[in-house]
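Asks: Residue numbers (the working numbering), protein chains in the order written: chain A, 394 to 707; chain B, -15 to 309.
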Amino acid sequence: MPDAILSVLAAAAPSTTSILLASMGGLINRQGGIVNIGLEPMMLVGAFAAVIVSAQTGNPFLGLLAAIASGALLGLLFSWSITRLGANEIVAGLGLNLLVLGFFGYLLPTVFRIEGTLLPPGLVGLPKLQIPLIDQIPGLGPIVSGHDVVTYLSWLSVPLVSLFLYRTPLGIQLRATGANEEAARAAGVPTLRLRDFSTVLAGAFAGLAGAQLSLGVVTLFNKTMTGGRGFIALAAFYFGDARPGLTALGAVIFGVFEAAGFRLGSSGIPSQLVQMLPYLVVVISLTLVAVRRERRLRERGRAAAASMRTAVVR
Amino acid sequence: MIAETGIPVAGQETIAPPRALRLLRPVQLAGPFLIALLVGAVVLFASGRDAIGTYWLLAQQSLGGTSQIANTLVAATPVLLTGLATAVAFRSGIFNVGVEGSLYVGAFAAAWGWRVDEVVTTLMLNYVAILLTSWLVNYYFLAPDIANSMSPLIAKQARLSSLLPPSQLTIAFVAALLVTLLYAYFFDRTRLGYELRMVGLNPRFARAVGIDLAGAVLIAFVISGILGGVAGGFQILGVNYRFIDHFSPGYGFTGIAVALLGRGHPVGIVLAALFFGALSSGGAMIQLFSDIPLDLINILQGTVMIFAVIELSRLPFVKRWLRHA
């Protein structure tokens, strides 16, 4: 049994990576005041760009750069539609999902003449990095060592995002924009540009997340390969209240669910029920948070009324 | 929970628009369609296909004969109902993106009254509903001797009979039109509909005049959920005759596009539903007759959604044009 748990955890590391990265991007965006439900299509674009560039150049790291750039570009366009053209972020995000999914569904059979999986000649995936000494440790070795470089970048991104948001002037201005745009603008913060910047970062993170799927987990592209991970990432940063540490915890939990789901199918526990867990966890945790907030507000109201009564009596 | 959705809805403008903006009105209404067709044409052209020929074929295959029109009406039925489901919520100031999910479970009520973010919860509940029904059909209602995940066929007596054999046009389409009339009557003529509209327009004012906000939200969600459920039910009784795992190609999301394009107006919603019905029935046929994949329809639909919420008057070149007008 412990062996089974360890093997699930070892499998969970790479399946957490894309969720973790996309959720970090999404939380920056959320802190900047935009709910980004376009993470999924941004991941898909990144996955595609990574495969094309890696196959053309034979260098998977150039593929990663292409994924980051294309995700960022899509993020910028998405952001403009919201910040400059007044689009509702949810509808524009759903539209982007349909548009990008439709685009690849159209592109693969008509231009690349394939149904399903794109495997261009010369495609090179990301190498797996063995960490010396650590990979010798029984149990821990396979969990920590032997992953692609993006997985380690994703671990590093959690403290970096935290530092950026809470310790740099830019990050603090970004959070001010998200908390109260009018007040931030009055204080001289370039709020529109900052909101755009946060969406560009979200796109870059999501693009890199997609590249990890198409060059790290597998080495190919197809239009269903993101498989809802952009929405799981959304679930993760909602679960984590857009805070880096909690969000990362959410992403890890959901990554473990995913890795466990594959294995549980054969053991009689329906995989659908396991796949359902992230979404249920978010609905329940959002409800609990809201109930607590409401109760606090009510208590504060009662306390205020009581203090007012004593003031009047005096 | 109730917030400014920023969704343009007919009859909810509070300030009379200036003359230049009035000129823009028809552009804002027809614009998303035209831009989507243009984007689709560019995609077709760039991939070496004949755009005009494809659109002509699409028109012929969706409107060019009795059976084609019947198929378009069949395809319009679920999205008319999901469009109404979305519009009921929109006009009450709620952003229900969970119609796709209510299609599956029939109806559900989301967490209400605690100001939970309804966009995210309903979005998440979509997945819950789809996975839950997938589990049910695979573990408890699986048809024997079939490899795919489907329930057994429903009894012949339970199926809706065709109004126009051999097409699958049934009473469901007529019922959907009646629901549209009910929708119009509800919002324009009943007290409850008026209250919901007020909640959508200005929740603070609505509360000040004594409307129970939590109750209004619950009612709007329940109506919306029921309509989504009816859409799913009709699809089973009139078209598929069985529950199929993941059967909906996004009827709920198309419903959002329908509600947006129709601007919440009953006539607009019917027209938008017919447009998307024609696209999907015609698209299915051109996929058979040519090498153009059905995904073209998703490109059109996604573009329509994005441009339906973009304020075209803020586009630089439109601004310049307005200044001249």
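Beta carbons are placed, not taken as given, at the ideal position from N, Cα and C, and that holds for glycine.
Can a CB atom of chain C be found closer than 8 Å to the CB of ALA485/A?
Replies: The structure shown contains no chain C; the protein chains it does contain are A and B.
Asks: Closer than 8 Å by beta-carbon distance: list the chain A residues that pair up with TYR178/B, in chain order.
Replies: Residue mapping note: residue 178/B aligns to position 194 of the second sequence, counting from 1. By Cβ distance, chain A contributes nothing, its closest Cβ being about 25 Å from TYR178/B, past 8 Å.
Asks: For VAL89/B, does the three-state DSSP call read helix, strand or coil?
Replies: Translated into the one-based positions of the second sequence, residue 89/B becomes position 105. Because the pLDDT at VAL89/B is just 49, under 50, the model does not fix this residue reliably, and the value given afterwards should be weighed accordingly. Helix.
Asks: Could you give the first and the last residue of the continuous alpha helix (DSSP H) run that contains TYR631/A?
Replies: Within the first sequence, numbered from 1, the residue matching residue 631/A stands at position 238. Run containing TYR631/A: 622 to 632, per the alpha helix (DSSP H) assignment.
Asks: What residues from chain B crowd round SER538/A, counting only those whose CB sits closer than 7 Å?
Replies: Start at 1 with the first residue of the first sequence, and residue 538/A comes out as number 145. Neighbours of SER538/A on chain B: none; closest Cβ ~33 Å, over 7 Å.
Asks: For the stretch 621 to 640 of chain A, list every residue whose C-beta sits within 8 Å of some C-beta in chain B, in sequence order.
Replies: Here the close residues are GLY621, PHE624, LEU627, ALA628 and TYR631.
Asks: Nearest-angstrom Cα distance between GLU575/A and PRO663/A?
Replies: The count along the first sequence starts at 1 and reaches residue 575/A at position 182. The count along the first sequence starts at 1 and reaches residue 663/A at position 270. Distance between the alpha carbons of GLU575/A and PRO663/A is about 49 Å.
Asks: Looking at the structure shown, is ALA94/B part of a helix, part of a strand, or coil, going by DSSP?
Replies: Along the second sequence, one-based indexing puts residue 94/B at 110. Low confidence applies here, because ALA94/B scores a pLDDT of 38, under 50, leaving its location unreliable; read the following figure in that light. Note: ALA94/B maps to coil in three-state DSSP.
Asks: Counting only Cβ pairs nearer than 8 Å, list the residues of chain A close to PRO277/B.
Replies: Locating residue 277/B in the second sequence gives position 293, where the first residue counts as 1. Simply GLY498, TYR499, PRO502 and THR503.
Asks: Considering only the alpha carbon of each residue, which of LEU413/A, PRO535/A, GLN424/A and ALA599/A lies closest to TYR559/A?
Replies: As a working note, residue 559/A is residue 166 in the first sequence. Minimum Cα distance to TYR559/A is reached at GLN424/A.
Asks: DSSP three-state call for THR476/A: helix, strand or coil?
Replies: As a position in the first sequence, residue 476/A is number 83, starting the count at 1. THR476/A falls in the helix class under three-state DSSP.
Asks: Write down the C-beta distance between ALA440/A and LEU606/A rounded to the nearest angstrom, noting that I regard them as a contact closer than 8 Å.
Replies: Reading the first sequence from its first residue, position 47 is the one you call residue 440/A. Reading the first sequence from its first residue, position 213 is the one you call residue 606/A. Yes, ALA440/A and LEU606/A are in contact; Cβ-Cβ is about 5 Å, under 8 Å.
Asks: Kindly indicate which three-state DSSP category VAL614/A falls into: helix, strand or coil?
Replies: Taking the first residue of the first sequence as position 1, residue 614/A is located at position 221. The question names Val, but residue 614/A is Phe in the sequence shown. Strand, per DSSP.
Asks: Nearest-angstrom Cα distance between LEU18/B and ARG686/A?
Replies: As a working mapping, residue 18/B is identified with position 34 in the second sequence. As a working mapping, residue 686/A is identified with position 293 in the first sequence. For LEU18/B and ARG686/A, the distance between alpha carbons rounds to 46 Å.
Asks: Measure the C-alpha to C-alpha separation of ASN573/A and GLY426/A and round it to an integer number of angstroms.
Replies: As a position in the first sequence, residue 573/A is number 180, starting the count at 1. As a position in the first sequence, residue 426/A is number 33, starting the count at 1. Their backbone Cα atoms lie some 9 Å apart in a straight line.
Asks: If you compare alpha carbons, which of SER151/B, LEU120/B, LEU161/B and MET134/B is closest to ALA215/B?
Replies: Your numbering for residue 215/B matches position 231 in the second sequence. Residue LEU161/B is the option with its Cα nearest to ALA215/B.
Asks: Specify, as a first and last residue, the run of the alpha helix (DSSP H) that VAL103/B falls within.
Replies: Position 119 of the second sequence, counted from the start, is the residue given in the question as residue 103/B. Note, VAL103/B: alpha helix (DSSP H), 102 to 123.
Asks: Under a CB-based cut-off of 8 Å, is GLN285/B close to chain A?
Replies: Locating residue 285/B in the second sequence gives position 301, counting from the first residue. Yes, contact with chain A.
Asks: Alpha carbon to alpha carbon, how far is SER447/A from LYS521/A? Give it in angstroms, no decimals.
Replies: Within the first sequence, numbered from 1, the residue matching residue 521/A stands at position 128. Within the first sequence, numbered from 1, the residue matching residue 447/A stands at position 54. Each residue's alpha carbon lies about 16 Å from the other.
Asks: Sorry if obvious, but does the Cβ on LEU120/B come closer than 7 Å to a heavy atom of the ligand GTP?
Replies: With respect to the ligand GTP, the structure offers nothing, as it holds no ligand at all.
Asks: Once DSSP output is grouped into helix, strand and coil, what is the label at THR561/A?
Replies: For the purposes of this step, residue 561/A is taken as the residue at position 168 of the first sequence. Here THR561/A sits in coil by DSSP.
Asks: If you follow the alpha helix (DSSP H) that PHE260/B is in, where does it begin and where does it stop?
Replies: For the purposes of this step, residue 260/B is identified with residue 276 of the second sequence, where counting begins at 1. Taken as a continuous stretch (DSSP letters only), the alpha helix (DSSP H) holding PHE260/B covers 250 to 273.
Asks: Can you give me the Cβ contacts of PHE259/B inside the same chain, cut-off strictly under 8 Å, excluding the 5 residues immediately before and after it?
Replies: Counting from one through the second sequence, the residue named residue 259/B turns up at place 275. Cβ within range, chain order: PHE17 and LEU245.
Asks: Could one say the Cβ of TYR124/B lies closer than 8 Å to chain A's Cβ atoms, at least one of them?
Replies: The residue labelled residue 124/B in the question sits at position 140 within the second sequence. Closer than 8 Å: no.
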